[in-house]
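Encoded as structure tokens, the structure appears first; notes follow it.
Protein chains: 4
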Amino acid sequence: MSKSLRDFKTAASRKDFLESELKINLNAISGFNFSEESVNGKNIENLIGSVQIPLGIAGPISIRHAPQATRKYYIPLATTEGALVASVSRGCKAVALSGGASVEIQNVGVTRSPVFKTRGITHSFEIKKWLGRNFGKIAKICESTSSHLKLNTITSSLAGKNLFVRFSFDSKDAMGMNMATIAVTDVIPFIEKNTGSSCISISGNYDIDKKPAWLNFIEGRGKMVWADCTLKKSVVREILKTTPEKIADLVYRKVLTGSAMAGSIGFNAHFANIIAAIFAATGQDLGQIVEGSLGVTSAEVTEKGDLYFSVYLPSLMVGTVGGGTNLPSQKEALNIIGAQDVLEFSEVIAASVLAGELSLLASLSEGTLASSHVKLGRKGR
Amino acid sequence: MSKSLRDFKTAASRKDFLESELKINLNAISGFNFSEESVNGKNIENLIGSVQIPLGIAGPISIRHAPQATRKYYIPLATTEGALVASVSRGCKAVALSGGASVEIQNVGVTRSPVFKTRGITHSFEIKKWLGRNFGKIAKICESTSSHLKLNTITSSLAGKNLFVRFSFDSKDAMGMNMATIAVTDVIPFIEKNTGSSCISISGNYDIDKKPAWLNFIEGRGKMVWADCTLKKSVVREILKTTPEKIADLVYRKVLTGSAMAGSIGFNAHFANIIAAIFAATGQDLGQIVEGSLGVTSAEVTEKGDLYFSVYLPSLMVGTVGGGTNLPSQKEALNIIGAQDVLEFSEVIAASVLAGELSLLASLSEGTLASSHVKLGRKGR
Amino acid sequence: MSKSLRDFKTAASRKDFLESELKINLNAISGFNFSEESVNGKNIENLIGSVQIPLGIAGPISIRHAPQATRKYYIPLATTEGALVASVSRGCKAVALSGGASVEIQNVGVTRSPVFKTRGITHSFEIKKWLGRNFGKIAKICESTSSHLKLNTITSSLAGKNLFVRFSFDSKDAMGMNMATIAVTDVIPFIEKNTGSSCISISGNYDIDKKPAWLNFIEGRGKMVWADCTLKKSVVREILKTTPEKIADLVYRKVLTGSAMAGSIGFNAHFANIIAAIFAATGQDLGQIVEGSLGVTSAEVTEKGDLYFSVYLPSLMVGTVGGGTNLPSQKEALNIIGAQDVLEFSEVIAASVLAGELSLLASLSEGTLASSHVKLGRKGR
Amino acid sequence: MSKSLRDFKTAASRKDFLESELKINLNAISGFNFSEESVNGKNIENLIGSVQIPLGIAGPISIRHAPQATRKYYIPLATTEGALVASVSRGCKAVALSGGASVEIQNVGVTRSPVFKTRGITHSFEIKKWLGRNFGKIAKICESTSSHLKLNTITSSLAGKNLFVRFSFDSKDAMGMNMATIAVTDVIPFIEKNTGSSCISISGNYDIDKKPAWLNFIEGRGKMVWADCTLKKSVVREILKTTPEKIADLVYRKVLTGSAMAGSIGFNAHFANIIAAIFAATGQDLGQIVEGSLGVTSAEVTEKGDLYFSVYLPSLMVGTVGGGTNLPSQKEALNIIGAQDVLEFSEVIAASVLAGELSLLASLSEGTLASSHVKLGRKGR
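Protein chains in written order, with this note's numbering: chain E, 1 to 381; chain G, 1001 to 1381; chain A, 2001 to 2381; chain B, 3001 to 3381.
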């Protein structure tokens, strides 16, 4: 082709070029509610417009921040999958009628893990010791790159001449991947110079970012979050149209045994649906849906015959500032939730996942997912 | 709250309710380019508007459909991650200068896997045999639910009283999850009646949908796609600013050894970034970014000193019709690619992932990711 | 050292050399009940004697070969772990009082998987097709190497220039690893010559032998075996000193949830103990304890309040001829079991594992493992 | 049967009973070189005799304990697999000619992990905090059970009402599983009483013992051990009959890519063979061959064209006292190695595994494994 995209400087001109080049119409894409300047380079290159994803509201979800203090949050879900918003809302209703969900959180932090080439295992062990002795200096260099960054820990693992050093940071309300990358970039020369090793890559896949991995499941990444709720059997019957026994049985057969037979890292029903919809709505990094969907759903019948239900999300990488959170509609979606910081935001996500798991498992236990999908599906095609 | 979302019937009224309820402004969200009727129930519930994600164009990517027949495709990427579009484009340029990427595809099909409760292992084995003998009847029932559906295989796995039956369908150009759900729903009564088993859930997590799992990695799901390309060392040097040796070394240390040390199912650098951006742009189910990001990146230096580079995606669940593909901007994004069917679309995705892997690994091997991220990052915060 | 082991030709002379060289006494090792000729080269090199492992008898274990036909088998266990034989015996008693264990088996066969270097994915796909077209010729070459060998299937997987071809054989009563290696060795030149590929290694770790792997768990290797039994609640109470509810609860918390949290491929309590003791007793390849210990234990309370209990072993590599089965004490141990072929032998192993799982889980659910270990342990140290 | 094994009090009488009962001859089994008293209850029940496994000597293996201080160790291997001893010996020779292997070790310690049932996630978090505050008291109780036991760390993980508490102990020269069980048994009441939780089982599979699991791979168990060596290209050519390039290429294709494609936790060639043979020879717990065989083999060509080779064993559970190490032939086998403590013993195991990996990969890279197996195999059958 004589001309190329690189020859155009505005979204409109690129759009025009593609339309004539490909003989297609890009009217829908051409509209957008953010300024080109605000996104160029920072969020995207070769901008031609925007993609619009339908936004629905689920909930509100009730969270117990203290025995007598529950708060309700509306949940913005950007999705094209029919029934998801309705299903999460039904779960929220059941949770609300049960006094709300409890949440617990552990702030592991964002990790970045360069791989260094050493002279061998003995050299790698010397470096491990050196890193321990020089934690203070390393933290100082890292933290000088941003007032929002704090180095929490340095751990390492080695095989052959490969030393994987995992830096874990508190990045305040930002997801922090870029901040961590900048900080580690600045500290690598200091490590190389003092240890005689050479950094092969600022990421050695021991971070491990956007790949499903047991390291993140076991040691956590970003935020580890738990949520649980005990649902009265009457609520389970009236709202969820099933019984505590059926839900617990389904968790045993599907969520645990079925996932085990499939060799899965995810022992849940559909964390990914809720995670993806909240991530898309609030401007999170969609690549991190992968690790955000890891986790375990637990259920058991209490002595009183009620349903204890819980979810565990070991690797939630989210932020309330930076990345795509500054875009107009994404920022508004965050405002709908109204969390005061990234920890509260993470708790709302976990509670929303709880509601979504509860509702889908209820439908599955009654076979109503099938029927509703028949309806939706038939309409769909 | 006296009133609730359920009391409102239009996106506008729900939006107004939330604005007054939460004392926030939802101007950006309130605009959307699709009709409420077209999405209500089918794609979403409780619609209040849309979220806009910036759309950039990478490529074009060149694919060799035959020794002398390469075709170029522009790649629409919906993302908020700076540098992604530029990086994929750089990879595309290197691929184009190397004669294009080759692709291979295997259409495993969409799977749905109910879990049946049986009387035990002996009963389960009887059912396995019965399923084999009755494949024709089962296929007839399944295929009667849609003219676009064909039952390919039935496999099963068992533990205790749990029999997991995995139905695999060809769903033509649709991703097919709903079609498969409908078909299996209709055939379950036939199976229960004739085998004395009872279906506990239409999904027993042996499908396995939206969870990272070895079953999908090993046996595949949706489309298994491979792409490869041999890049001249001059192209690697001039376009990618690195050497074939450095890329191959990085694949050994980071992609293979690092992923192994982290217990990952993903042996790649960042499949998820490209998968997520294409999925968001073209109306795919964002929950399936999870399995779509599984896979392996391979690299080696050829005898001539050039770079052989390849990617393998075992579990790509995509469609060119149905779901979110009917939305205006998403449909236009699909038109930008211009694939004639879902197989060609899948091949373009794999080739795009190849380009993205190539470019990021090149940056990492030279430490330029770091510097560029410093730049972008600093601008970012 | 002036002299070395290689300078000696008999076990006695090597033993004398080591005793003087190391100033130690090797009386116990020096005795053995097999002939040097029979083991030299075939089973071992540099023989100096033998190691004696205590052999205990558990059981008998009752297996239901038909509704009215149960048979009892004594179980030889070579172990140094106190309580194992007694524990398995207790499980056997509970199974016997419940009508015996049912078993199901699938003979997947021994696999050998060379890795071929190809020109890339397109070439690899051509070879895949060629392998399909030439299955008959390939089988003929493989089967010409042994009258006891039959080629069942050829499957393959590829990444980059690596094509992993998995040959699966029926090796009659032999475990068959060597037979498979010989057969594949003879067929490799035929494949290389006709496909233009080159075999890098006769094993490309896609076999996958003696490593824990999801491929063997999901597709099976050697024999896939299942066993189950329904135990009356009275038997659970009187023999196992616990309740069906406690066992089922423990399977949910420990075997399923605990294993999931630990990222395990084994969803069981201690398959490895029974597998290792039977393997050592009967001359199996001890390296294959690794894959033999994979599997799942299931339990649930029946409507009558009884205990349904089951085990699944996906990758049992065993033989009743060849390898160490020809040694005097090992051959006698096989005679104690008295299985007519490798399938019956495999079924006995699975039923023995069932008994062992049942008994340990019962002890754990009552805390009696602890106390008994205190006793044994205190005696131990 | 009128009489049963339980009616007999001596190995001889049990043997006689079985011989008449089963009409078989148990002469070979009837002989043993240990006293019944010494093993009854402590190592085994229902003793009828012993199984003899051929013992061969490999090596010696050279280990560099300091730049100028290498020491040689003979390696006792109990195996029935022809070629193993010879192959390990060849690897030892290559290592010796290269200045010996370097080793590094980290003493993680033996772990025992009870699962507690709590009131939910909030309660579990309170307990986590309580465990942190009461580490001293807990250690005191645990350590009061044995003068050889020291509590190193307490970590925990939770899902639903399940709290998995992982206690890690230094058990001196003992493998320590029983000691840890005793200690944890004694401390559980203290934890239950003060936290209002109830212990469901002293093992919740988060230990995780005798199951292959990522938790042990990533955080280690028992001893984490590394070994490496740089082999001159001349040594690789003359002793191993191959080239550094071929070994490195094989590690890339088979050990890393092949294992990844198979979903393995073991990224090595045959750790299990060497581990199993040393464990059987020295009286280790054969069930722990499972976790002992986890690990990674690395190889790369140095700038000088030599071969850098390394192994990593994350979960080696071994002891030089207790268990089966007190048996006559097993004790002598330990004396052949002559390690002064369990750390040195572990290092010898790792170096032996290095030699075994090196030799097998060399054979595979040259196709000589095949030919030798043909020879051995043909003799075998």
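Virtual Cβ for every residue (Gly too), placed ideally from N, Cα, C.
- Task: Tell me whether residue 1212 (chain G) is buried or exposed, calling it buried when 16 or more other Cβ atoms sit within 10 Å of its Cβ.
- Result: buried
- Query: Of the choices A:2306, A:2281, A:2015 and A:2254, whose alpha-carbon is the least far from that of residue 2233 (chain A)?
  - Reply: A:2306
- From the beta carbon of residue 1268 (chain G), is the nearest beta carbon of chain E less than 8 Å away? yes
- Message: I believe residue 2029 (chain A) touches residue 2050 (chain A) by the beta-carbon criterion, under 8 Å. Please report the beta-carbon distance rounded to the nearest angstrom.
- Response: 7 Å
- Cα-Cα, which of G:1033, G:1005 and G:1009 is closest to residue 1332 (chain G)? G:1033
- Query: At a cut of 8 Å, does the stretch 3257-3274 of chain B reach the stretch 1296-1304 of chain G through at least three beta carbon pairs?
  - Reply: yes
- Whole-angstrom distance between residue 270 (chain E) and residue 3113 (chain B), CA atom to CA atom: 29 Å
- Spell out a yes or no on whether the stretch 2069-2088 of chain A and the stretch 2045-2060 of chain A are touching, meaning 3 or more CB-CB pairs, one atom from each, closer than 8 Å. yes
- Strand pairing of residue 3300 (chain B), partner residues [DSSP]: B:3308
- Are there 16 or more other CB atoms within 10 angstroms of the CB of residue 3052 (chain B), so buried, or fewer, so exposed? buried
- Message: Taking the alpha helix (DSSP H) that residue 1137 (chain G) belongs to, which residues open and close that run?
- Response: 1135-1143
- Message: Below 9 Å on C-beta distance, what does residue 298 (chain E) contact in chain B?
- Response: 3159, 3160, 3161 and 3162
- Cβ shell of residue 1226 (chain G) (< 8 Å), same chain only, five flanking positions each side left out: 1103, 1104, 1105, 1310, 1311, 1312, 1313 and 1350
- Query: Roughly how many angstroms lie between the CA atoms of residue 2132 (chain A) and residue 3024 (chain B), to the nearest whole one?
  - Reply: 48 Å
- Item | Members of the stretch 3089-3111 of chain B near chain E, C-beta cut-off 7 Å | 3102 and 3104
- Message: Cβ closer than 8 Å: which chain E residues qualify as neighbours of residue 1206 (chain G)?
- Response: 258, 261 and 262
- Task: Kindly indicate if chain A contains any beta-carbon less than 8 Å away from that of residue 3005 (chain B).
- Result: yes
- Item | Nonlocal neighbours in the same chain, by C-beta distance under 6 Å from residue 1116 (chain G), ignoring five residues either side | 1163, 1197 and 1199
- Message: Residues of chain G with CB closer than 7 Å to the CB of residue 2356 (chain A), please, in chain order.
- Response: By Cβ distance, chain G contributes nothing, its closest Cβ being about 17 Å from residue 2356 (chain A), past 7 Å.
- Item | Straight-line gap, residue 3080 (chain B) to residue 2179 (chain A) (C-alpha atoms, nearest Å) | 16 Å
- Where residue 48 (chain E) sits in the DSSP three-state scheme: strand
- Roughly how many angstroms separate the alpha carbons of residue 5 (chain E) and residue 2203 (chain A), rounded to a whole number? 48 Å
- Message: If I follow the unbroken alpha helix (DSSP H) through residue 3027 (chain B), where does it start and stop?
- Response: 3027-3030
- Going along chain B, which residues have a C-beta under 7 Å from residue 2328 (chain A)? 3028
- Message: Here's the rule I'm using: 16 or more other beta-carbon atoms within 10 Å means buried, otherwise exposed. How should residue 3065 (chain B) be labelled?
- Response: exposed
- Mind the definition here: the stretch 1116-1127 of chain G touches the stretch 2136-2146 of chain A only if three or more C-beta pairs lie below 8 Å; say whether that holds. no
- Task: Please compile the residues from chain E whose C-beta is within a distance smaller than 7 Å of the C-beta of residue 3215 (chain B).
- Result: 218
- Integer-rounded CB distance, given that residue 2318 (chain A) should sit under 8 Å from residue 2346 (chain A): 6 Å
- Message: So residue 3252 (chain B) contacts chain G; which residues on that side make the cut at Cβ distance below 8 Å?
- Response: 1252, 1256 and 1300
- From the DSSP output, in three-state form, read off residue 3056 (chain B) for me. strand
- Query: Helix, strand or coil: which one does DSSP assign to residue 2213 (chain A)?
  - Reply: strand
- Query: Nearest chain B C-beta to residue 2243 (chain A) closer than 8 Å, yes or no?
  - Reply: no
- Query: So, are the CB atoms of residue 2122 (chain A) and residue 2186 (chain A) less than 8 Å apart?
  - Reply: no
- Task: May I have the straight-line CA-CA distance separating residue 3147 (chain B) from residue 1267 (chain G), to the nearest angstrom?
- Result: 46 Å
- Task: Identify which residue in G:1303, G:1141, G:1107 and G:1272 has its Cα closest to the Cα of residue 1357 (chain G).
- Result: G:1272
- Message: Rounded to the nearest angstrom, what separates residue 1325 (chain G) and residue 1143 (chain G) at their Cα positions?
- Response: 23 Å
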